[in-house]
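Letter by letter, the sequence shown follows residues 12 to 369 of my numbering.
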Amino acid sequence: MLEKLQIIKQRFDEISDLIIQPDIISDQKRYIQLNKEYKDLRILMEKRDEYVSLTNSIKEAQEIISDGSDAEMVEMAKMELESAQDRIPELEEEIKFLLIPKDPEDVKNAVMEIRAGTGGDEASIFAGDLYRMYTKYCEGRGWNVSVVDFNEGTSGGFKEIIFEINGEDVYGTLKYEAGVHRVQRVPQTETQGRVHTSAATVIVLPEAEEFDVELDMSEVRIERTTSTGPGGQSVNTTYSAIKLHHEPTGMIVSCQDQKSSHKNLEKALKVLRSRLYELELAKKMMADSAKRKSMVSSGDRSAKIRTYNYPQGRVTDHRINLTLYDLGNIMDGDIQKIIDEIHLVRNTEILQETGEAF
């Protein structure tokens with residue numbers, strides 16, 4: 012373990028020197044990447060320092076016990092030895108998880124898309140419930156949520172809503188939320204009290220920076236229209252809404268949330284870049300057989316990942332067989348436990364795949 016940590020310390024020292032170099036600071040892309048790596052390695056270095064301190068304490072305590080000349084010191088050394096030996100295995104596990112290779116996409120902001128699936132009006136209402144759940148969660152994390160486009164349901168909620176989430180490690184935290192979410196409850200429109208099953212699809216994309224995707228604007232047709240829906244004076248009066256048609260792929264992206272045509276164009280281009288970037292990521296994932304076989308996968312839009320059962324007050328994540336009887340709080344944005352459990356399972360899978368490295 013110490014040998015592996017020593018190699019990482021050398022990299023940490025190297026990055027510490029690099030990030031203060033003028034040529035690195037002037038290269039924004041490189042500087043951001045190195046700064047993120049520095050922050051991640053600094054956490055590892057703190058664990059390494061604790062590990063070194065514990066191993067030194069064990070060595071010193073063993074020497075005092077072996078000497079045996081001072082009974083009081085021996086007693087203190089035994090307590091120190093026991094405490095350090097208890098902490099070492101726990102610390103080693105923490106270090107192993109920190110040594111799992113980071114996905115470079117994890118640090119990115121995210122674009123989330125929620126679409127009503129089977130279930131008619133009830134599916135739209137549920138899509139609205141999911142949007143509220145995620146926005147409440149993001150607010151609790153101090154992340155900023157900004158709507159790009161939406162299409163309201165006839166009885167409430169959304170047929171579709173697209174929004175950006177900006178913050179720290181957003182995509183890495185939320186990427187396993189992608190998939191089909193089911194709800195089982197009595198719809199507002201149901202007169203006989205029967206429980207129905209409806210669904211909504213959640214898509215999570217890493218937000219692509221301009222240097223991630225080279226977008227040829229000659230291949231993008233820009234259509235300007237008037238905004239629709241509630242929104243004040245700008246609605247149906249100015250041509251501020253934007254619709255982008257990406258000719259090579261046939262992708263269409265709309266944005267009407269902002270009053271300014273320029274801001275709507277900026278947001279729509281972000282979403283278009285993110286969708287194009289996702290296509291490239293999907294190709295890489297298809298080439299990765301380990302990810303294909305993983306119990307916890309990100310980006311599979313057809314996989315049923317979670318059920319929200321209102322009569323029983325439970326939420327079940329089918330990928331990790333986790334059931335929580337805390338539906339009210341979960342729908343109020345308290346989804347951290349689910350996210351933590353999913354990441355723990357995924358990290359354990361990676362550890363098993365790369366166990367020989369440790």
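Yeah, the Cβ is synthetic: ideal placement off N, Cα and C, and Gly gets one too.
Within this structure, are the beta carbons of LYS119 and GLU218 separated by less than 7 Å? Contact flag set, yes.
Label GLY151 either buried or exposed according to how many other C-beta atoms from any shown protein chain fall within 10 Å of its C-beta, with 16 as the threshold for buried. Exposed, because fewer than 16 other Cβ atoms sit within 10 Å of the Cβ of GLY151.
Can you tell me whether MET123 is buried or exposed? The criterion is at least 16 other CB atoms within 10 Å of its CB, across all chains shown. So MET123 ends up on the buried side.
Would a C-beta distance cut-off of 7 Å place VAL215 and LEU185 closer than the cut-off? Yes, they are a contact pair.
Let's see if you can read the secondary structure: which residues bound the alpha helix (DSSP H) around HIS354? Bounds of the alpha helix (DSSP H) holding HIS354 are 347-364.
Return the CA-CA distance between ARG424 and ASP337, expressed in angstroms with no decimal places. What is shown of the chain runs 12 to 369, which leaves residue 424 out entirely.
In the DSSP assignment, the alpha helix (DSSP H) including ILE341 goes from what residue to what residue? Secondary structure note for ILE341: its alpha helix (DSSP H) is the uninterrupted segment 338-342.
Pop quiz: GLU116 and TYR49 are said to be a contact at Cβ under 8 Å. What is the actual Cβ separation, rounded to whole angstroms? Not confirmed; about 18 Å, so no contact.
Where TYR321 falls: helix, strand or coil (DSSP): It is coil, neither helix nor strand.
Paired residues, beta bridge with ALA314 - DSSP: Residue pairing from DSSP leaves ALA314 without any beta-bridge partner.
Contacting residues, own chain, Cβ-Cβ under 6 Å from ASP351 (five flanking each side not counted): In its chain, beyond the 5 residues on either side, no residue has a beta carbon closer than 6 Å to the beta carbon of ASP351.
Within 7 Å (strictly less), CB to CB, does VAL122 reach chain D? Among the chains of the structure shown, chain D does not appear; only one protein chain is present.
Any chance you could list the alpha helix (DSSP H) runs of at least 4 consecutive residues sitting entirely within the stretch 154-200, in chain order? The stretch 154-200 is shown to contain whole alpha helix (DSSP H) runs of 4 or more residues at 181-185, in chain order.
Proximal residues to GLN17 (C-beta, below 6 Å), its chain only, five neighbours per side dropped: Counting only Cβ-Cβ distances below 6 Å, and skipping sequence neighbours, we find nothing.
Are the stretch 136-143 and the stretch 167-174 touching, with three or more C-beta to C-beta distances below 8 Å? Output reads yes: the stretch 167-174 touches the stretch 136-143.
Within 7 Å, strictly: CB atoms of ALA127 and ALA211: Against a cut-off of 7 Å, the Cβ pair of ALA211 and ALA127 comes out as a contact.
When DSSP builds the beta bridges, which residues end up paired with ARG235? BP columns for ARG235 point to ILE253.
Between the beta-carbon of LEU65 and the beta-carbon of ALA88, is there less than 7 Å? No, they are not a contact pair.
Of all the options ASP38, GLN73, GLN21, which has the alpha carbon lying nearest to the alpha carbon of LEU52? Ranking ASP38, GLN73, GLN21 by Cα distance to LEU52 puts GLN21 first.
Taking C-beta to C-beta, are GLN199 and THR208 nearer than 7 Å? Not in contact: GLN199 and THR208 (Cβ atoms no closer than 7 Å).
According to DSSP, is HIS207 part of a helix, a strand, or is it coil? If DSSP states are grouped into helix, strand and coil, HIS207 belongs with the strands.
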